[in-house]
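Protein chains in written order, with my numbering: chain A, 2 to 330; chain B, 24 to 366. C-beta: ideal position from N, C-alpha, C; glycine also. Remember, predicted model here, so these are calculated numbers, not experimental data.
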Amino acid sequence: MTAATAPLLDVRDLRVRFDTPHGEVLAVDGVSWVLSAGETLGIIGESGSGKSVGVEAIMGLIKSPPGHVSGEILFEGRDILTISERQRRALRGEELAMVFQDAMSALNPSLTVGSQVSEVYRLRRHCSQQDARNKAVELMDRVRIPSARTRLNNYPHEFSGGMCQRVMIATALALEPRILIADEPTTALDVTVQRQIMALLSDLQREMGMALVLITHDLGVVAEAVDRAMVMYAGTIVEAGNVEVLFDNPSHPYTQGLLQSMPRIDARGDRLYAIGGAPPAAGRLPPGCAFHPRCERRVAECASVRPVLLPISDIQRSACHLTGTGNAK
Amino acid sequence: MQSDDPILEVRALSKSYGLTKSGPFRRGERRLQAVKDVSFSLAAGQTIGLVGESGCGKSSLARSILRLDEPTSGEIQYKGTDILALKSNEMRKLRRHIQVIFQDPYSSLDPRFTVRRILQEPWRVFPEIVPPAGREARVAELLRLVGLNPSDADRYPHQFSGGQRQRIGIARALALEPEVIICDEPVSALDVSVQAQVVNLLMDLQQEFGLAYLFIAHDLSVVHHISDRVMVMYLGEVVEEGATDQIFNAPRHPYTVALLSAVPVPVPRLRDREVIVLEGEVPNPIAPPSGCPFHPRCPQVQDLCKTTPPPQVRDGTSMARCHFAGKLDFVAHLKHLATAQTR
Chain A
2 MTAATAPLLD
12 VRDLRVRFDT
22 PHGEVLAVDG
32 VSWVLSAGET
42 LGIIGESGSG
52 KSVGVEAIMG
62 LIKSPPGHVS
72 GEILFEGRDI
82 LTISERQRRA
92 LRGEELAMVF
102 QDAMSALNPS
112 LTVGSQVSEV
122 YRLRRHCSQQ
132 DARNKAVELM
142 DRVRIPSART
152 RLNNYPHEFS
162 GGMCQRVMIA
172 TALALEPRIL
182 IADEPTTALD
192 VTVQRQIMAL
202 LSDLQREMGM
212 ALVLITHDLG
222 VVAEAVDRAM
232 VMYAGTIVEA
242 GNVEVLFDNP
252 SHPYTQGLLQ
262 SMPRIDARGD
272 RLYAIGGAPP
282 AAGRLPPGCA
292 FHPRCERRVA
302 ECASVRPVLL
312 PISDIQRSAC
322 HLTGTGNAK
Chain B
24 MQSDDPILEV
34 RALSKSYGLT
44 KSGPFRRGER
54 RLQAVKDVSF
64 SLAAGQTIGL
74 VGESGCGKSS
84 LARSILRLDE
94 PTSGEIQYKG
104 TDILALKSNE
114 MRKLRRHIQV
124 IFQDPYSSLD
134 PRFTVRRILQ
144 EPWRVFPEIV
154 PPAGREARVA
164 ELLRLVGLNP
174 SDADRYPHQF
184 SGGQRQRIGI
194 ARALALEPEV
204 IICDEPVSAL
214 DVSVQAQVVN
224 LLMDLQQEFG
234 LAYLFIAHDL
244 SVVHHISDRV
254 MVMYLGEVVE
264 EGATDQIFNA
274 PRHPYTVALL
284 SAVPVPVPRL
294 RDREVIVLEG
304 EVPNPIAPPS
314 GCPFHPRCPQ
324 VQDLCKTTPP
334 PQVRDGTSMA
344 RCHFAGKLDF
354 VAHLKHLATA
364 QTR
């Protein structure tokens, strides 16, 4: 979990833009980050911040056209944006896998759960029907689906939301990937089930030694699960760092605002702090710092010069004109 | 703002749905008990929070109160009027006093109507509330009240963000000058930074007009913030009810404790605290467990719980449906709430 090991994934200046009837939209605008083997990284952001589009680009799920991905995505030093689609496909599942928010709709409603979990063994490992089913049962046991063998013949609609998410996790982990990307894996779930799924992910991560990228808008989930986190706003990273520092000593006004605006189960006040306005619409980013129209501490520079993500200590980086000068505190 | 006279009184309300006996999917006569023996009273200016996992009956209870679904038994009084005895045209008249704000601001506004039309629509049913000559001015006033611009009246819902749409939904609920608003997950679909704005707006409006809220949410932090009293539902029953501080600081039902324990806290150094991870999921409401409905998942389960439904154990103004209410010690599981409070 330290920087001593070489990064498993090295994302450099990643940009994703889409051609739309209303012009070009830059969904991810120059994002760089690294992920070491076995590490847990959190990506925090509101809807439209580019947090999902960014990882979809890493997975190779952006359709082109209308999407255009540029920059570098180095997996073990090799740029996966320059390899063939065939090589890319081989990487998916084997090295990189992803689970999505809405497991119910990510599964095929007309196929049994068993056939969906065992499919990957038949296609990728060329297992016989019977072997693939046995492996599917093992996998479903591993994600703690009770009486896995009998439930193999059930359809997704016969599973609860939490159980569907377990099935999704099982299919993602079938080939023992090195990196699991989980995009809002617990957002649609009740708090008690959320707790079960997060515990499951963390156990599996430890057992299999894989790295986990957790994307969520829920600051509580991030605080409890990750080592490092990045905060995204309007397609860029505005702050990144060690999770303790980020929560105890946030530097960027947006991070500070997000943390303050959360209603807390452990403290009660009269009024919630609220960040004014709303995130900018895609394709209509303000000049300078994208957050400046909502920022209470903006200075003249913020409206014209775009701030760069710079280190403010060895465990924290921030993209704000005020950081480092002491004004942002 | 809060008065002691209840505006809305619900007594022993139950709602069960019959499952089809005939037809291609026939499975014999079975009933689903969605709401079971729920009682509470709501006063002007008061907020009662209603929490529980999906399928616990929160929304069925709301629908029953509005008679969108006819309750199976029980009593609902609005300012002394027995709602369940009203004929459908009388009920329609009464609904102006009890309005609803829905979860999804995308599907609850008609996409073909301008905001003006959306806000004026309720006055077609209740023309006496605002005379035609005053409607334009009233629309502008409502928009200002919810933090929008009077010039927004000519725009369509798709031209607004999620938070702004929820403001339109709130303005529409206010158009009929209700006394009670049922808020069904009103901020669940909103982003964190926008959620706070809408919660503040709801609290400001309550202050100004003395509104009573039944605030339904699965997010305990929001409920904690906004509610005076809280009801916790499990499998159609209210398993614990009490003042917000009592529920969050000294809960007496193991299910409430488990819910509180499960909520992630945005304090990284508290992550290694002892957390109750409930086994399994909410049981099938068509075949509820015997005895206490929570017993198959309860960490404190005893033999008695498996056979005998627990009584309502009262203590002051709070109630818990647990054989061992007040006899269990949950301090270890709630320590983190106390430590964080002093930070």
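Own chain, CB closer than 7 Å to residue i, minus 5 neighbours either side, in chain order
i      : result
A/K330 : A caution first: A/K330 carries a pLDDT of 38, below 50, which makes its placement in the model unreliable, though a value can still be read off. Within the same chain, A/K330 has no close Cβ partners at all.
B/A281 : I299, L301
A/C303 : G289, C290, H293, C296, H322
A/A189 : Q102, D103, G162
A/Q197 : G163
B/A348 : R275, H276, V336
B/D60  : A35, S37, E260
Supposed close pair residue i, residue j - CB separation, criterion 8 Å
i      : j      : result
B/L166 : B/P155 : So it is not a contact: roughly 18 Å between Cβ atoms.
B/V262 : B/H276 : 5 Å
B/G75  : B/V255 : 6 Å
A/T172 : A/V121 : 6 Å
B/L84  : B/V58  : 5 Å
B/P319 : B/G303 : 7 Å
A/Q131 : A/N243 : The Cβ separation is near 48 Å, so there is no contact.
A/D11  : A/V35  : 5 Å
B/E202 : B/A235 : 6 Å
A/P8   : A/S33  : Going by Cβ atoms, the distance from A/P8 to A/S33 rounds to 11 Å, so no, they are not a contact pair.
A/V239 : A/H253 : 5 Å
B/I141 : B/I191 : 6 Å
Identity of the residues DSSP links to residue i by a beta bridge
i      : result
A/M99  : A/I182
B/I124 : B/C206
A/K64  : Its beta-bridge partners do not exist; DSSP assigns none.
B/R53  : B/L42
B/L109 : B/L109 pairs with nothing; no bridge assigned.
A/E73  : A/R13
B/F63  : B/V33
B/I239 : B/L73, B/D207
A/I216 : A/I44, A/D184
B/V255 : B/V74, B/E263
B/R135 : DSSP output for B/R135 lists no bridge partner at all.
Span of the beta strand (DSSP E) around residue i
i      : result
A/R18  : 8-21
A/E302 : From DSSP, A/E302 is part of no beta strand (DSSP E); its letter is neither H nor E.
A/L27  : 24-37
B/Y101 : 96-101
A/I313 : 311-314
B/G72  : 70-74
A/R285 : Looking at the DSSP string, A/R285 is not in any beta strand (DSSP E), and its letter there is neither H nor E.
Under the three-state DSSP convention, the category residue i falls into
i      : result
B/F232 : helix
A/E240 : strand
A/A230 : strand
A/G46  : coil
B/T330 : helix
B/R320 : helix
B/V300 : coil
A/T3   : With a pLDDT of 45 at A/T3, under the threshold of 50, the modelled position of that residue is not reliable, and no figure is offered here.
B/H276 : coil
B/Q220 : helix
B/A343 : strand
B/Q335 : strand
A/V168 : helix
B/T104 : strand
A/A189 : coil
A/R79  : strand
B/V305 : coil
A/K330 : Confidence is the limiting factor: at A/K330 the pLDDT is only 38, short of 50, which leaves the residue's position unreliable and the question unanswerable from this model.
Beta-carbon contacts of residue i that lie in its chain and below 8 Å, excluding the five residues immediately before and after
i     : result
A/D80 : E73, I74
Residues near residue i by beta carbon distance below 6 Å, same chain, minus five either side
i      : result
A/M99  : M60, I182
A/R299 : H293
A/R167 : V144, I146
Cβ-heavy atom distance, residue i to the ligand PLP, below 6 Å
i     : result
B/V61 : With respect to the ligand PLP, the structure offers nothing, as it holds no ligand at all.
Limits of the unbroken alpha helix (DSSP H) element including residue i
i      : result
A/L259 : 254-262
B/I191 : 185-197
B/P145 : 138-148
A/R318 : No alpha helix (DSSP H) holds A/R318; the beta strand (DSSP E) holding it covers 317-319.
A/V192 : 192-209
A/N135 : 130-143
Partner residues on chain E for residue i, Cβ-Cβ distance less than 7 Å
i      : result
A/D191 : Structure shown: chain E not included; protein chains present are A and B.
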